[in-house]
Structures are given as structure tokens and as C-alpha cells.
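Chemist: Quick one: the structure is below, and I'll ask about it shortly.
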Amino acid sequence: MRAVVLADTHMPRRARSLPPLLLAELETADVVFHLGDFTEEDLVRSLREFAPLYAVHGNQDSPEVQALFPSTHRLTLEGNLVVALIHGDVGGRTAVHAAHSLLREQPDVALVLFGHSHRAYLEWDNGTLLFNPGSPTDRRRAPSKTFGILEVGESLSASIVEIP
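Residue numbers (our numbering): 481 to 644.
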């Protein structure tokens, strides 16, 4: 299974369309994850045209988007891969801290996907992958705009794709 992982797109405020490199990757995705701050519902509809969409809402999402998605989501992929999705805006803590907190609360999770910071982050913690894809449309204080790719098969691998 191949997944495209997105967060913090803030459309249409930060961009009117997704970057061409990201659109090309979406064409080959089996699954799309979005970790909040779509901002408006149009992007939700667009992403669902590519592949099944698993998502959570973020702190900047419209009421319509918030009604579509929970603030946290947990699912099992490929039979036994337990995945947790959060936006990462928990109680004033950093998004990375929120991801580590979730892992302490749910130690059976193999993959924590989170957003909010606009900064890509990929770290293994005792066999669990903590993964923030950054933002493909608004780098904020990050060095570049980014998104993520996950490959799930015999093993789990992840990469961060920089957008030129």
C-alpha cells in the first residue's frame, strides 16, 4: 500500500491549487491521509477523487470540515498496522510533544501521523514511527514546502518529499 500524507494545506488561503509534484504522487496513491487544516471543504472533495481519504480536522478548519472529521482517528491497515492520526494542537504543547503523548497513552500504535507545525518530522521511537509531513503549500518557518510518502508492505517506510 502506498499513501500520500498531507497536513496544513490551508487552501485556498495559502494556495489556490496543490503543487504539480504532489498531484502526480496523488495519482498513484492507494490511500491519502490529511492531518488537518484543509481550511475549506473543496480540497476534501478533490482529495477523495484520488483515493480513500483518512483525516482529522485541524484548528484552522471551517465548521463544515470540522463536521466531516474527528479531532483524532485510529485505524488498522494491512491487517495489523495500528495508525493514529492527530492534528497536533493539544493544550499549547508542540505538535511533536502531542505525538509523543499519544504514543505514551496508546503504546500499541505503530504509526503516529500528525501536523500543525508545518515542519516535517520523521522519527522512530521504540519501533513506532512518528511522522509529520510538513505543509505542501505554506512552509512558514520550515526550510521548504513538503509532503510525505508512506509505503506499507512487509515493513513500513516513510519519506519526506521536498517541493522545489
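C-beta atoms are modelled at their ideal positions from N, C-alpha and C, and glycine is treated no differently.
Do residue 602 and residue 640 have their C-beta atoms closer together than 7 Å?
Modeler: Closer than 7 Å, so yes.
Chemist: Please go through the same chain and pick out, in chain order, the residues whose beta-carbon is closer than 8 Å to the beta-carbon of residue 550, but skip the five residues on each side of it.
Modeler: Closer than 8 Å at the Cβ level, and outside the excluded window around residue 550, lie 536, 537.
Chemist: What residue range does the beta strand (DSSP E) around residue 511 cover?
Modeler: Segment 511 to 514, the beta strand (DSSP E) holding residue 511.
Chemist: Under 6 Å from any heavy atom of the ligand GTP, does the C-beta of residue 549 make it?
Modeler: Within the structure as shown, the ligand GTP is missing, as the structure has no ligands at all.
Chemist: Got a sec, what are the start and stop residues for the alpha helix (DSSP H) residue 501 sits in?
Modeler: Element bounds for residue 501: 500 to 507.
Chemist: So, with DSSP's three-state summary, where would you put residue 541?
Modeler: The answer is coil: DSSP assigns residue 541 none of H, G, I, E or B.
Chemist: How many whole angstroms separate the CB atoms of residue 486 and residue 512, which I take to be in contact at a CB cut-off of 8 Å?
Modeler: Between residue 512 and residue 486 the Cβ distance is about 7 Å, and since that is below 8 Å, they are a contact.
Chemist: From which residue to which residue does the beta strand (DSSP E) around residue 484 run?
Modeler: It spans 482 to 486 - the beta strand (DSSP E) in which residue 484 sits, taken as one unbroken run.
Chemist: What residue ranges within the region 577 to 636 form continuous beta strand (DSSP E) runs of no fewer than 3 residues, ordered along the chain?
Modeler: Listed in chain order, the complete beta strand (DSSP E) runs (minimum 3 residues) inside the region 577 to 636 are 591 to 593, 601 to 605, 608 to 612, 625 to 632.
Chemist: Can you look up residue 536 in the DSSP assignment and give me helix, strand or coil?
Modeler: Looking at residue 536 - three-state DSSP - the assignment turns out to be coil, as it is neither helix nor strand.
Chemist: Just the C-alpha distance for residue 542 and residue 493, rounded to the nearest angstrom, thanks.
Modeler: Distance between the alpha carbons of residue 542 and residue 493: 12 Å.
Chemist: Under the rule that 16 or more other beta-carbon atoms within 10 Å means buried, what is residue 483, buried or exposed?
Modeler: Under this definition residue 483 is a buried residue.
Chemist: Buried or exposed for residue 587, going by 16 or more other Cβ atoms inside 10 Å?
Modeler: The residue in question, residue 587, is exposed, as its Cβ has fewer than 16 Cβ neighbours within 10 Å.
Chemist: Do you know whose CA, among 519, 517, 506, lies nearest residue 530's CA?
Modeler: Among 519, 517, 506, the Cα nearest to that of residue 530 belongs to 506.
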